[in-house]
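In what follows, a single structure is set out as structure tokens and then discussed.
Protein chains in written order, with this note's numbering: chain Y, 3 to 155; chain F, 3 to 155; chain X, 2 to 87; chain Z, 2 to 87.
As structure tokens, then:
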């Protein structure tokens with residue numbers, strides 16, 4: 003029986019999408035969907051602002067346990083998903099840098115890889131304990147996000 | 003005014019997702035969705051079979067012109083999309099190898115990057131003139147796909 | 002080469018290239034030829050490919066073209082088997 | 002340290018860490034304390050953080066916990082500001 007790989011990590015290292023893809027590509031795998039989030043230099047939704055860099059921190063052991071939970075949720079909803087990878091970078095991250103990544107693979111492109119990756123990034127934002135501090139030309143502030151865990155999550 | 007990058011190519015070179023991502027990340031970009039298609043070593047949908055390698059060929063100038071057209075279609079449907087990259091590898095490609103890639107970027111994750119990349123890969127399969135010959139342990143054959151262009155496309 | 006004929010470049014891919022044994026050829030066609038006329042001309046010239054030619058698609062100057070499309074002088078015409086990659 | 006007290010490890014992140022000035026502390030709590038009791042205890046001990054503590058979330062042993070959750074002896078408790086990353 004094939005074991006489907008699940009990779010999750012909180013890391014200070016650069017994300018390498020090529021490496022991640024090869025780690026979640028099995029002999030039966032023909033399709034992958036990735037999402038990556040990057041630090042924006044300038045943001046125009048709402049009040050426009052500029053960013054010099056972000057400081058990310060995570061509650062790492064809990065973050066990894068939440069990532070494991072999200073992988074379970076994905077496999078329940080999309081049983082055709084083969085490999086899953088979730089990586090959150092922490093530390094000082096400059097504009098243009100990928101900070102978070104989720105990738106899902108499957109045999110074919112039409113059995114849920116897009117939906118699984120989309121669900122995964124929404125859940126990562128909701129329940130994985132990661133915080134970022136915005137360092138801009140005029141100020142520094144903690145940024146609000148979509149963090150909205152339910153009790154027991 | 004910002005010029006949004008559109009990258010398309012037919013190439014014999016290895017795909018490098020990291021390079022592609024940096025080429026379509028602008029100061030305003032915060033989200034990217036990638037799709038990659040890989041050669042499967044074994045396929046179980048329909049009659050199961052094994053693959054030693056695939057030989058890909060393309061009608062390159064027409065393929066690039068179709069990619070350009072798909073980028074225009076994506077920008078019409080999802081005006082928030084910033085960068086678009088489409089790459090098709092050709093030549094002899096072994097199992098596990100990414101052969102085709104589409105990536106779309108935007109400021110945020112909730113304005114269509116997933117839908118744009120999904121649309122893009124479906125259109126690539128439909129209208130970009132690329133053919134593959136399956137080389138397996140017992141046989142070699144040209145593989146049927148989703149190729150279904152309309153006149154004028 | 003007759004003065005009254007049009008010249009086109011014909012490109013062949015995948016199974017069509019294998020059947021006809023050429024990647025690219027220069028071809029004379031009657032002025033006013035449509036895709037269906039070229040299909041008939043090729044079927045006559047390569048009888049072993051006649052069956053396969055029925056199911057092929059054509060492009061003219063890198064746009065897909067129906068059987069009714071007129072082929073201009075100097076056109077780049079390609080024959081597409083109905084298989085695709087990914 | 003009283004024999005009758007429970008010990009917990011408290012982890013602080015982001016704004017809470019900045020306000021209280023610690024990443025991690027060992028803390029005595031009354032046996033039978035719930036999250037709401039810990040919130041009150043911290044608000045009394047760090048009055049300048051009392052306002053911020055009202056809006057924080059807590060986790061007990063790496064699971065999010067409501068105000069009514071009981072804190073077991075030896076628990077790893079974390080205080081979460083309501084901001085998230087990505």
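Don't be surprised by glycine CBs; every beta carbon is placed ideally from N, CA and C.
None of these values were measured; they are calculated from a predicted model.
- Across the set F:9, F:53 and F:125, the C-alpha of F:125 shows the shortest separation from the C-alpha of residue 152 (chain F).
- Residue range 55-60 is occupied by the beta strand (DSSP E) that includes residue 55 (chain F), with no alpha helix (DSSP H) assigned at that position.
- Rounded to the nearest whole angstrom, the CA to CA distance from residue 8 (chain Y) to residue 11 (chain F) is 32 angstroms.
- Here residue 11 (chain F) is bridged, per DSSP, to F:89.
- Our two residues, residue 55 (chain Z) and residue 144 (chain Y), have alpha carbons roughly 17 angstroms apart in a direct line.
- Counting only Cβ-Cβ distances below 7 angstroms, residue 12 (chain Z) has contacts in chain Y at 61, in chain order.
- Annotation for residue 39 (chain X): the continuous alpha helix (DSSP H) segment containing it runs 36-46.
- Of all residues in the region 43-55 of chain F, none comes within less than 8 angstroms of chain X when Cβ atoms are compared.
- At a beta-carbon threshold of 8 angstroms, the residues of chain Y lying near residue 82 (chain Z) are 133 and 144, ordered along the chain.
- At a beta-carbon threshold of 9 angstroms, none of the residues of chain X lie near residue 30 (chain F); the nearest stands roughly 31 angstroms away.
- A straight line joining the alpha-carbon of residue 18 (chain X) with that of residue 101 (chain F) spans about 22 angstroms.
- Restricted to the region 17-88 of chain F, the alpha helix (DSSP H) segments that are unbroken, complete and at least 4 residues in length are 19-25 and 62-79, listed in chain order.
- For residue 67 (chain Z), same chain residues with a beta-carbon under 7 angstroms away, outside a window of 5 residues either side, are 36 in chain order.
- Less than 8 angstroms divides the Cβ of residue 95 (chain F) from the Cβ of residue 55 (chain F).
- Between the C-alpha atoms of residue 65 (chain X) and residue 16 (chain Y) there is a straight-line separation of about 44 angstroms.
- Closest in alpha carbon position to residue 90 (chain Y), among Y:99, Y:118 and Y:26, is Y:99.
- Apart from the 5 residues on each side of it in sequence, residue 37 (chain Y) sits with its Cβ closer than 6 angstroms to the Cβ of 104, 119 and 123 in its chain, given in chain order.
- Residue-level contact by beta carbon holds for residue 109 (chain F) and chain Y, with a gap shorter than 8 angstroms.
- Counting the other CB atoms within 10 Å of its CB gives residue 32 (chain X) a total below 16, which places it among the exposed residues.
- Interface criterion not met: the Cβ of residue 57 (chain Z) is under 8 angstroms from no Cβ in chain Y.
- In the DSSP annotation of this structure, the continuous segment of the beta strand (DSSP E) that includes residue 65 (chain X) starts and ends at 64-66.
- Distance check between residue 5 (chain X) and each of X:26, X:34 and X:23 places X:34 closest, using alpha-carbon atoms only.
- Excluding five sequence positions before and after residue 69 (chain Y), the CB atoms of its chain that fall closer than 7 angstroms to its own CB belong to 10, 88 and 130, given in chain order.
- Neighbours of residue 155 (chain Y) in chain Z, taken as residues whose beta carbon is under 8 angstroms from its own, are 64 and 65 in chain order.
- Taking C-alpha positions only, residue 29 (chain X) is separated from residue 15 (chain X) by approximately 23 angstroms.
- Taking a C-beta cut-off of 7 angstroms against chain F, the contacting residues of the region 75-105 of chain Y are 97, 98 and 100, listed in chain order.
- Exposure of residue 45 (chain X) is indicated by the presence of fewer than 16 other C-beta atoms within 10 angstroms of its C-beta.
- Exclusion of the five residues before and after residue 26 (chain Z) leaves 11 as the residues of its chain whose Cβ lies within less than 6 angstroms of its Cβ.
- Annotation: the continuous beta strand (DSSP E) that includes residue 135 (chain Y) extends over 132-137.
- DSSP places residue 18 (chain Z) in the helix class (H, G or I) of the three-state scheme.
- Spatial neighbours of residue 66 (chain Y) in its own chain (CB-CB distance under 8 angstroms, excluding positions within 5 residues in sequence) are listed in chain order as 10, 11 and 12.
- Within chain Y, the residues 61, 64 and 131 have their CB atoms less than 8 angstroms from the CB of residue 79 (chain Z), given in chain order.
- The beta-carbon separation of residue 42 (chain Y) and residue 32 (chain F), rounded to 4 angstroms, stays under the 8 angstroms limit for a contact.
- When C-alpha distances from residue 109 (chain Y) are compared across Y:117, Y:84, Y:121 and Y:116, the shortest belongs to Y:84.
- DSSP places residue 27 (chain Z) within a strand segment (E or B) once states are collapsed to three.
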